[in-house]
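Remarks on the structure that follows.
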Amino acid sequence: MTTSETSHSARYWIALLLLVSVGRLPELFPALSSLALGKVSTLVALIVVLLSRQSKSVFVLRTAIGRRMTVFTVVAVLSILVSVWKSQTLQFLFENFLTNIILFYLIHKTTYSVQTVRFYVNALIVAIAVMAILTLQLQQTGRLSVSETYDPNDLAMVIVTVLPLMALSVLASRGIARLVFLAALGTSVAAVMFTGSRGGFIGLIIIGVYLLLSRLPDGKGGRSGRWNPGKLMLFAVMAVTITTITPATTWERMSTLSDIKDDYNVTADTGRLALWGRGIESILNRPIGSGMATFEVVEGMGGGRYKSAHNTLIQVATELGILGFSVFMSLYFLSFKILRQVDAYPMSGAGGQLSSPDSRNWTLAYTSGLRAALVGFFVTTFFLSAAYTPVLYVLLGLIGGMEECGHRNGAGSGTETGQLAK
(Lines of atoms letter the chains of each structure in order from A and count residues from 1; the text may use other names and numbers.)
(Lines give C-alpha, C1' and ligand atoms only; values in the text may rest on other atoms or scores of the structure.)
Protein backbone atom coordinates (compact mmCIF):
# COMPACT_ATOMS: atom_id res chain seq x y z
CA MET A 1 0.00 0.00 0.00
CA THR A 2 1.48 3.35 -1.00
CA THR A 3 1.17 6.61 0.87
CA SER A 4 -1.27 7.96 -1.68
CA GLU A 5 -3.51 4.96 -1.11
CA THR A 6 -3.78 5.70 2.58
CA SER A 7 -5.24 9.20 2.10
CA HIS A 8 -8.50 9.51 0.20
CA SER A 9 -9.05 12.62 -1.90
CA ALA A 10 -12.53 13.10 -0.36
CA ARG A 11 -11.28 13.37 3.21
CA TYR A 12 -11.32 17.17 3.38
CA TRP A 13 -14.95 17.32 2.25
CA ILE A 14 -15.85 14.64 4.77
CA ALA A 15 -14.07 16.57 7.51
CA LEU A 16 -16.10 19.65 6.55
CA LEU A 17 -19.31 17.59 6.75
CA LEU A 18 -18.19 16.41 10.18
CA LEU A 19 -17.62 20.00 11.32
CA VAL A 20 -21.11 20.93 10.12
CA SER A 21 -22.95 17.86 11.43
CA VAL A 22 -21.26 17.45 14.81
CA GLY A 23 -19.70 20.88 15.31
CA ARG A 24 -22.75 22.82 14.02
CA LEU A 25 -20.39 25.24 12.25
CA PRO A 26 -23.06 27.43 10.55
CA GLU A 27 -24.84 27.87 13.89
CA LEU A 28 -21.64 28.99 15.58
CA PHE A 29 -20.80 31.38 12.75
CA PRO A 30 -24.09 32.63 11.20
CA ALA A 31 -22.25 34.24 8.27
CA LEU A 32 -21.66 30.70 6.97
CA SER A 33 -25.33 29.70 7.06
CA SER A 34 -26.02 30.94 3.52
CA LEU A 35 -23.30 28.73 2.04
CA ALA A 36 -25.17 25.44 2.53
CA LEU A 37 -21.92 23.82 3.67
CA GLY A 38 -23.64 20.63 4.79
CA LYS A 39 -25.32 19.95 1.45
CA VAL A 40 -22.29 20.98 -0.59
CA SER A 41 -19.82 18.87 1.40
CA THR A 42 -22.16 15.87 1.36
CA LEU A 43 -22.72 16.03 -2.40
CA VAL A 44 -19.07 16.59 -3.32
CA ALA A 45 -17.82 13.91 -0.93
CA LEU A 46 -20.30 11.37 -2.28
CA ILE A 47 -19.38 12.12 -5.89
CA VAL A 48 -15.64 11.90 -5.20
CA VAL A 49 -16.02 8.65 -3.25
CA LEU A 50 -18.28 7.00 -5.82
CA LEU A 51 -16.06 7.96 -8.76
CA SER A 52 -12.69 7.38 -7.10
CA ARG A 53 -10.66 4.27 -7.85
CA GLN A 54 -9.43 4.46 -4.25
CA SER A 55 -12.88 3.44 -2.99
CA LYS A 56 -13.41 0.42 -5.22
CA SER A 57 -11.47 -1.96 -2.98
CA VAL A 58 -13.45 -0.99 0.13
CA PHE A 59 -16.79 -2.71 0.65
CA VAL A 60 -18.81 -1.48 3.61
CA LEU A 61 -20.82 -4.71 3.69
CA ARG A 62 -17.58 -6.68 4.11
CA THR A 63 -17.31 -5.48 7.70
CA ALA A 64 -19.52 -6.67 10.52
CA ILE A 65 -20.26 -3.11 11.62
CA GLY A 66 -21.21 -2.18 8.05
CA ARG A 67 -23.64 -5.07 7.80
CA ARG A 68 -25.16 -4.32 11.19
CA MET A 69 -25.61 -0.65 10.35
CA THR A 70 -27.31 -1.69 7.13
CA VAL A 71 -29.77 -3.81 9.12
CA PHE A 72 -30.43 -0.89 11.48
CA THR A 73 -31.06 1.39 8.50
CA VAL A 74 -33.50 -1.10 6.98
CA VAL A 75 -35.39 -1.35 10.29
CA ALA A 76 -35.53 2.45 10.49
CA VAL A 77 -36.91 2.74 6.95
CA LEU A 78 -39.46 -0.03 7.50
CA SER A 79 -40.69 1.77 10.63
CA ILE A 80 -42.62 4.01 8.22
CA LEU A 81 -45.03 1.11 7.72
CA VAL A 82 -45.99 1.02 11.42
CA SER A 83 -45.56 4.72 12.18
CA VAL A 84 -48.31 6.52 14.06
CA TRP A 85 -47.32 9.67 12.14
CA LYS A 86 -45.97 8.55 8.79
CA SER A 87 -45.19 11.99 7.38
CA GLN A 88 -43.11 12.85 10.45
CA THR A 89 -41.15 9.60 10.20
CA LEU A 90 -40.58 10.04 6.47
CA GLN A 91 -39.43 13.64 6.88
CA PHE A 92 -37.04 12.77 9.71
CA LEU A 93 -35.57 9.88 7.75
CA PHE A 94 -34.69 12.05 4.77
CA GLU A 95 -33.74 15.27 6.57
CA ASN A 96 -31.85 13.88 9.57
CA PHE A 97 -31.20 10.15 9.68
CA LEU A 98 -30.00 9.94 6.07
CA THR A 99 -27.22 12.45 6.82
CA ASN A 100 -26.01 10.24 9.67
CA ILE A 101 -25.92 7.16 7.47
CA ILE A 102 -24.08 9.04 4.72
CA LEU A 103 -21.55 10.30 7.29
CA PHE A 104 -21.04 6.75 8.56
CA TYR A 105 -20.66 5.44 5.01
CA LEU A 106 -18.19 8.12 3.93
CA ILE A 107 -15.93 7.74 6.96
CA HIS A 108 -16.01 3.96 6.72
CA LYS A 109 -15.41 3.97 2.97
CA THR A 110 -12.40 6.29 3.08
CA THR A 111 -10.53 4.98 6.12
CA TYR A 112 -7.51 3.05 4.85
CA SER A 113 -5.04 3.54 7.66
CA VAL A 114 -4.48 4.86 11.15
CA GLN A 115 -3.41 8.13 9.50
CA THR A 116 -6.92 8.55 8.11
CA VAL A 117 -8.45 7.76 11.50
CA ARG A 118 -6.13 10.36 12.98
CA PHE A 119 -7.26 12.94 10.42
CA TYR A 120 -10.96 12.42 11.19
CA VAL A 121 -10.43 12.30 14.96
CA ASN A 122 -8.52 15.57 14.79
CA ALA A 123 -11.40 17.13 12.83
CA LEU A 124 -13.79 15.90 15.51
CA ILE A 125 -11.60 17.36 18.25
CA VAL A 126 -11.46 20.72 16.43
CA ALA A 127 -15.26 20.75 16.19
CA ILE A 128 -15.66 20.13 19.92
CA ALA A 129 -12.87 22.50 20.96
CA VAL A 130 -14.39 25.38 18.96
CA MET A 131 -17.77 24.85 20.63
CA ALA A 132 -16.09 24.66 24.03
CA ILE A 133 -14.14 27.90 23.49
CA LEU A 134 -17.22 29.78 22.31
CA THR A 135 -19.19 28.45 25.29
CA LEU A 136 -16.61 29.78 27.74
CA GLN A 137 -16.61 33.17 25.99
CA LEU A 138 -20.31 33.76 26.60
CA GLN A 139 -20.84 36.79 28.81
CA GLN A 140 -23.82 35.49 30.75
CA THR A 141 -24.73 33.51 33.82
CA GLY A 142 -26.69 30.30 34.13
CA ARG A 143 -26.47 27.20 31.97
CA LEU A 144 -24.57 27.84 28.75
CA SER A 145 -24.84 26.59 25.19
CA VAL A 146 -23.80 28.08 21.85
CA SER A 147 -25.87 26.11 19.36
CA GLU A 148 -29.52 26.09 18.34
CA THR A 149 -29.36 22.32 17.91
CA TYR A 150 -27.64 21.53 21.21
CA ASP A 151 -29.23 22.62 24.47
CA PRO A 152 -26.87 22.58 27.51
CA ASN A 153 -27.47 18.86 28.14
CA ASP A 154 -26.88 17.96 24.49
CA LEU A 155 -23.72 20.05 24.34
CA ALA A 156 -22.35 18.36 27.46
CA MET A 157 -23.17 14.95 25.96
CA VAL A 158 -21.32 15.62 22.71
CA ILE A 159 -18.27 17.02 24.51
CA VAL A 160 -18.11 14.15 27.03
CA THR A 161 -18.34 11.65 24.17
CA VAL A 162 -15.30 13.12 22.40
CA LEU A 163 -13.24 13.83 25.55
CA PRO A 164 -11.67 10.33 25.66
CA LEU A 165 -10.31 10.79 22.14
CA MET A 166 -8.75 14.07 23.27
CA ALA A 167 -7.28 12.38 26.34
CA LEU A 168 -5.75 9.51 24.37
CA SER A 169 -4.42 11.97 21.78
CA VAL A 170 -2.57 13.70 24.62
CA LEU A 171 -0.92 10.42 25.60
CA ALA A 172 -0.06 9.38 22.04
CA SER A 173 1.35 12.70 20.84
CA ARG A 174 4.56 14.57 21.60
CA GLY A 175 5.82 18.16 21.77
CA ILE A 176 3.58 21.01 20.65
CA ALA A 177 0.83 18.63 19.55
CA ARG A 178 0.55 17.26 23.09
CA LEU A 179 0.18 20.78 24.50
CA VAL A 180 -2.53 21.60 21.94
CA PHE A 181 -4.51 18.45 22.78
CA LEU A 182 -4.04 19.14 26.49
CA ALA A 183 -5.41 22.68 26.08
CA ALA A 184 -8.39 21.32 24.12
CA LEU A 185 -9.02 18.78 26.87
CA GLY A 186 -8.97 21.35 29.67
CA THR A 187 -11.17 23.77 27.73
CA SER A 188 -13.69 21.04 26.95
CA VAL A 189 -13.88 19.84 30.55
CA ALA A 190 -14.52 23.44 31.64
CA ALA A 191 -17.26 23.82 29.02
CA VAL A 192 -19.04 20.71 30.31
CA MET A 193 -19.10 22.19 33.79
CA PHE A 194 -20.37 25.54 32.49
CA THR A 195 -23.34 23.82 30.83
CA GLY A 196 -24.58 22.87 34.28
CA SER A 197 -25.57 19.45 32.97
CA ARG A 198 -25.85 16.88 35.72
CA GLY A 199 -25.81 14.07 33.16
CA GLY A 200 -22.67 15.58 31.65
CA PHE A 201 -21.03 15.72 35.08
CA ILE A 202 -21.92 12.07 35.73
CA GLY A 203 -20.50 11.21 32.30
CA LEU A 204 -17.25 13.01 33.16
CA ILE A 205 -16.91 11.00 36.36
CA ILE A 206 -17.70 7.68 34.66
CA ILE A 207 -15.24 8.09 31.78
CA GLY A 208 -12.65 9.34 34.27
CA VAL A 209 -13.02 6.16 36.33
CA TYR A 210 -13.08 4.04 33.16
CA LEU A 211 -9.83 5.52 31.90
CA LEU A 212 -8.30 5.33 35.37
CA LEU A 213 -8.93 1.59 35.50
CA SER A 214 -7.87 0.96 31.89
CA ARG A 215 -4.41 0.05 30.65
CA LEU A 216 -3.65 2.88 28.25
CA PRO A 217 -0.96 3.10 25.53
CA ASP A 218 2.58 3.68 26.77
CA GLY A 219 3.66 5.60 23.64
CA LYS A 220 5.97 2.78 22.55
CA GLY A 221 3.50 0.49 20.84
CA GLY A 222 2.36 -1.31 23.99
CA ARG A 223 0.16 -0.72 27.00
CA SER A 224 1.36 0.66 30.31
CA GLY A 225 0.36 -0.38 33.80
CA ARG A 226 -2.73 1.07 35.40
CA TRP A 227 -0.66 3.86 36.94
CA ASN A 228 1.74 5.97 34.90
CA PRO A 229 2.80 9.64 34.72
CA GLY A 230 0.80 10.34 31.56
CA LYS A 231 -2.44 9.13 33.09
CA LEU A 232 -1.80 11.09 36.29
CA MET A 233 -1.19 14.22 34.18
CA LEU A 234 -4.58 13.79 32.49
CA PHE A 235 -6.43 13.47 35.75
CA ALA A 236 -4.53 16.39 37.26
CA VAL A 237 -5.64 18.62 34.37
CA MET A 238 -9.25 17.47 34.68
CA ALA A 239 -9.33 17.81 38.47
CA VAL A 240 -7.73 21.27 38.51
CA THR A 241 -10.07 22.47 35.77
CA ILE A 242 -13.19 21.21 37.53
CA THR A 243 -12.26 22.54 40.97
CA THR A 244 -10.96 25.97 39.94
CA ILE A 245 -13.15 27.07 37.02
CA THR A 246 -16.60 25.63 37.72
CA PRO A 247 -19.07 28.41 38.65
CA ALA A 248 -21.01 28.31 41.92
CA THR A 249 -24.32 27.91 40.09
CA THR A 250 -23.10 24.62 38.61
CA TRP A 251 -22.03 23.28 42.00
CA GLU A 252 -25.49 24.16 43.32
CA ARG A 253 -27.04 22.03 40.58
CA MET A 254 -24.63 19.17 41.22
CA SER A 255 -25.46 19.23 44.93
CA THR A 256 -29.03 18.19 44.10
CA LEU A 257 -27.67 14.77 43.08
CA SER A 258 -27.17 14.01 46.78
CA ASP A 259 -30.90 14.46 47.43
CA ILE A 260 -32.36 13.08 44.23
CA LYS A 261 -35.54 11.74 45.84
CA ASP A 262 -36.98 15.26 45.94
CA ASP A 263 -35.92 16.16 42.41
CA TYR A 264 -38.65 16.96 39.88
CA ASN A 265 -37.37 14.14 37.67
CA VAL A 266 -38.44 11.73 40.39
CA THR A 267 -41.59 13.38 41.71
CA ALA A 268 -43.21 15.27 38.80
CA ASP A 269 -45.53 13.80 36.18
CA THR A 270 -43.31 15.45 33.56
CA GLY A 271 -40.09 14.18 35.16
CA ARG A 272 -37.85 11.53 33.68
CA LEU A 273 -39.12 8.62 35.79
CA ALA A 274 -42.71 9.27 34.75
CA LEU A 275 -41.65 9.64 31.11
CA TRP A 276 -39.68 6.41 31.24
CA GLY A 277 -42.62 4.61 32.81
CA ARG A 278 -44.99 5.71 30.06
CA GLY A 279 -42.36 4.85 27.47
CA ILE A 280 -41.95 1.30 28.81
CA GLU A 281 -45.73 0.92 28.82
CA SER A 282 -45.82 1.99 25.17
CA ILE A 283 -43.14 -0.57 24.31
CA LEU A 284 -45.13 -3.35 25.95
CA ASN A 285 -48.34 -2.26 24.22
CA ARG A 286 -46.70 -1.86 20.80
CA PRO A 287 -43.55 -4.01 20.53
CA ILE A 288 -43.32 -3.47 16.75
CA GLY A 289 -42.60 0.22 17.37
CA SER A 290 -44.37 3.47 16.58
CA GLY A 291 -42.07 4.79 13.84
CA MET A 292 -38.86 6.80 13.92
CA ALA A 293 -39.14 10.27 15.53
CA THR A 294 -42.61 9.69 17.00
CA PHE A 295 -41.96 9.26 20.74
CA GLU A 296 -43.42 12.66 21.62
CA VAL A 297 -46.62 11.80 19.75
CA VAL A 298 -46.90 8.43 21.47
CA GLU A 299 -46.24 10.07 24.83
CA GLY A 300 -49.03 12.55 24.18
CA MET A 301 -51.42 9.85 23.01
CA GLY A 302 -50.80 8.06 26.30
CA GLY A 303 -51.89 11.05 28.33
CA GLY A 304 -48.50 12.73 28.67
CA ARG A 305 -47.26 16.20 27.74
CA TYR A 306 -45.76 15.40 24.31
CA LYS A 307 -42.23 15.39 25.74
CA SER A 308 -39.18 13.55 24.44
CA ALA A 309 -38.09 10.26 26.00
CA HIS A 310 -35.03 11.63 27.82
CA ASN A 311 -33.54 8.14 27.51
CA THR A 312 -31.99 6.85 24.31
CA LEU A 313 -32.75 3.19 24.98
CA ILE A 314 -36.44 3.86 25.63
CA GLN A 315 -36.53 6.18 22.62
CA VAL A 316 -35.23 3.46 20.28
CA ALA A 317 -37.38 0.68 21.74
CA THR A 318 -40.53 2.82 21.52
CA GLU A 319 -39.93 4.07 17.99
CA LEU A 320 -38.23 1.09 16.32
CA GLY A 321 -39.66 -1.69 18.45
CA ILE A 322 -37.93 -4.61 20.11
CA LEU A 323 -36.19 -5.53 16.84
CA GLY A 324 -34.77 -2.03 16.36
CA PHE A 325 -33.69 -1.89 19.99
CA SER A 326 -31.91 -5.24 19.67
CA VAL A 327 -30.02 -4.13 16.56
CA PHE A 328 -29.12 -0.78 18.16
CA MET A 329 -27.69 -2.48 21.26
CA SER A 330 -25.83 -5.00 19.12
CA LEU A 331 -23.96 -2.08 17.51
CA TYR A 332 -22.50 -1.33 20.96
CA PHE A 333 -21.47 -4.92 21.69
CA LEU A 334 -20.11 -5.46 18.20
CA SER A 335 -18.07 -2.25 18.40
CA PHE A 336 -16.34 -3.37 21.60
CA LYS A 337 -15.62 -6.76 20.04
CA ILE A 338 -14.10 -5.18 16.93
CA LEU A 339 -11.95 -2.78 18.93
CA ARG A 340 -10.61 -5.63 21.06
CA GLN A 341 -9.67 -7.52 17.90
CA VAL A 342 -8.06 -4.48 16.27
CA ASP A 343 -5.99 -4.15 19.46
CA ALA A 344 -4.31 -7.43 18.65
CA TYR A 345 -3.11 -6.37 15.21
CA PRO A 346 -1.37 -3.24 13.93
CA MET A 347 -3.16 -1.04 11.44
CA SER A 348 -1.21 0.23 8.48
CA GLY A 349 0.47 3.59 8.81
CA ALA A 350 1.57 5.85 5.99
CA GLY A 351 3.15 3.79 3.27
CA GLY A 352 1.54 0.60 4.54
CA GLN A 353 4.08 -0.06 7.29
CA LEU A 354 2.03 -2.52 9.30
CA SER A 355 4.20 -2.76 12.39
CA SER A 356 5.78 0.67 12.80
CA PRO A 357 5.83 1.84 16.44
CA ASP A 358 4.02 5.06 15.54
CA SER A 359 1.21 3.20 13.77
CA ARG A 360 0.85 0.78 16.67
CA ASN A 361 0.92 3.64 19.19
CA TRP A 362 -1.94 5.52 17.53
CA THR A 363 -3.93 2.35 16.88
CA LEU A 364 -3.93 1.53 20.59
CA ALA A 365 -4.76 5.14 21.42
CA TYR A 366 -7.82 5.14 19.18
CA THR A 367 -9.13 1.72 20.19
CA SER A 368 -8.91 2.83 23.84
CA GLY A 369 -10.39 6.24 23.05
CA LEU A 370 -13.28 4.88 21.01
CA ARG A 371 -14.20 2.38 23.72
CA ALA A 372 -14.27 5.15 26.32
CA ALA A 373 -16.19 7.41 23.92
CA LEU A 374 -18.91 4.77 23.57
CA VAL A 375 -19.06 4.51 27.36
CA GLY A 376 -19.38 8.29 27.66
CA PHE A 377 -22.11 8.37 25.01
CA PHE A 378 -24.05 5.55 26.66
CA VAL A 379 -23.92 7.17 30.11
CA THR A 380 -24.84 10.71 29.06
CA THR A 381 -27.58 9.61 26.65
CA PHE A 382 -29.22 7.54 29.37
CA PHE A 383 -30.77 10.89 30.30
CA LEU A 384 -31.32 12.20 26.74
CA SER A 385 -33.03 11.27 23.48
CA ALA A 386 -29.93 10.98 21.30
CA ALA A 387 -30.24 7.80 19.25
CA TYR A 388 -29.87 9.73 16.00
CA THR A 389 -27.28 12.31 16.98
CA PRO A 390 -24.44 12.53 14.41
CA VAL A 391 -21.53 11.99 16.81
CA LEU A 392 -22.57 8.36 17.37
CA TYR A 393 -22.47 7.61 13.64
CA VAL A 394 -19.05 9.25 13.36
CA LEU A 395 -17.74 6.91 16.07
CA LEU A 396 -19.28 3.87 14.38
CA GLY A 397 -17.87 4.96 11.02
CA LEU A 398 -14.38 5.18 12.54
CA ILE A 399 -14.79 1.73 14.09
CA GLY A 400 -15.94 0.37 10.74
CA GLY A 401 -12.91 1.93 9.07
CA MET A 402 -10.58 0.36 11.63
CA GLU A 403 -12.25 -3.00 11.06
CA GLU A 404 -11.77 -2.58 7.30
CA CYS A 405 -8.07 -1.86 7.90
CA GLY A 406 -7.92 -5.10 9.87
CA HIS A 407 -9.40 -6.98 6.92
CA ARG A 408 -6.95 -5.41 4.46
CA ASN A 409 -3.93 -6.04 6.68
CA GLY A 410 -5.05 -9.59 7.39
CA ALA A 411 -5.45 -10.30 3.71
CA GLY A 412 -2.01 -8.88 3.03
CA SER A 413 -0.17 -10.64 5.85
CA GLY A 414 -1.91 -13.98 5.89
CA THR A 415 -3.01 -13.59 9.51
CA GLU A 416 -6.43 -14.14 10.96
CA THR A 417 -7.07 -10.38 10.96
CA GLY A 418 -9.22 -10.88 7.93
CA GLN A 419 -11.68 -12.73 10.15
CA LEU A 420 -12.37 -9.71 12.36
CA ALA A 421 -15.75 -9.82 14.11
CA LYS A 422 -17.11 -12.64 11.97
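Using the working numbering, you'd call the opening residue of the sequence shown number 278 and step up by one each time.
Ideal placement from N, C-alpha and C gives every residue a C-beta, glycine not left out.
A distance of 8 Å or more separates the beta carbons of LEU383 and ALA468. Taking C-beta separations shorter than 8 Å and ignoring five residues to either side along the sequence, the partners of THR523 in its chain run ALA467, MET470, PHE471, following chain order. In the pairwise beta carbon analysis, the segment 566-581 is classified as not touching the segment 292-310: fewer than three pairs are separated by under 8 Å. With contacts defined by Cβ atoms closer than 8 Å, VAL671 and LEU380 form a contacting pair.
Annotated as distal: HIS385 and GLY580, with beta-carbon spacing of 8 Å or more. From the listed residues SER567, VAL543, GLY556, LEU459, the smallest Cα separation to VAL517 is found for LEU459. Rounded to the nearest angstrom, the gap between the Cα atoms of GLU425 and SER298 is 13 Å. Following the DSSP letters along the chain, one finds PHE613 inside the alpha helix (DSSP H) bounded by residues 589-620.
Contact between GLY566 and GLU596 holds, since their C-beta atoms are separated by about 6 Å, short of 8 Å. With contacts defined as CB atoms closer than 8 Å, ILE591 and GLU680 fail to qualify as a contacting pair. In the three-state reduction of the DSSP assignment, PRO524 falls in the coil class. Ranking LEU445, VAL439, THR412 by CA distance to the CA of PRO429 puts THR412 first. According to the DSSP assignment, GLN331 belongs to no alpha helix (DSSP H), since it is labelled neither H nor E. The DSSP-derived three-state label of ARG637 is helix.
Scanning ASN542, VAL435, LYS538, LEU293 for the CA closest to the CA of VAL317 turns up LEU293. Close CB contacts of ALA586 within its chain, under the 8 Å cut and outside five residues either way in sequence, are with LEU552, TRP553, GLY556, PHE572, GLU576, GLN592, THR595, SER662 (chain order). Bounds of the alpha helix (DSSP H) holding PHE369 are 363-369. Our two residues, MET408 and VAL435, have alpha carbons roughly 10 Å apart in a direct line. In this structure, ILE519 sits away from VAL656, with a CB-CB distance that is not shorter than 8 Å. Across the structure, SER607 and ARG345 are spaced so that their CA atoms are roughly 8 Å apart. Note on TYR622: 16 or more other CB atoms within 10 angstroms of its CB, so buried under the neighbour-count rule.
Minimum Cα-Cα distance from TYR665 among the listed residues PHE349, LEU338, ALA341 corresponds to PHE349.
Straight-line measurement puts the Cα of ARG455 at about 13 Å from the Cα of TRP639. One alpha carbon belongs to LEU367, the other to SER535, and they sit about 43 Å apart.
A residue is called buried when at least 16 other Cβ atoms come within 10 angstroms of its Cβ; THR388 meets this threshold and is buried.
Rounded to whole angstroms, LEU600 and LEU320 show a C-alpha spacing of 32 Å. When PHE660, THR644, MET569, PHE610 are compared, the shortest CA-CA separation from VAL361 is found for MET569.
CA-to-CA, the gap between SER501 and VAL604 works out to about 35 Å. Going by DSSP, LEU375 is part of the alpha helix (DSSP H) stretching over 375-387. For the 8 Å CB-CB criterion, PRO667 and ASN399 do not form a contact. For GLN414, no alpha helix (DSSP H) run applies, since DSSP gives it neither H nor E. Remark: C-beta atoms of GLY473 and PHE660 do not approach each other more closely than 8 Å. Taken in chain order, the whole alpha helix (DSSP H) runs of length 4 or more contained in the segment 421-493 are 429-449, 452-472, 475-490. The closest CA to that of THR464, considering only LEU511, TYR583, ASP431, TRP504, is found on LEU511. Note: ARG500 is bridge-paired with PRO494 in the DSSP secondary-structure output.
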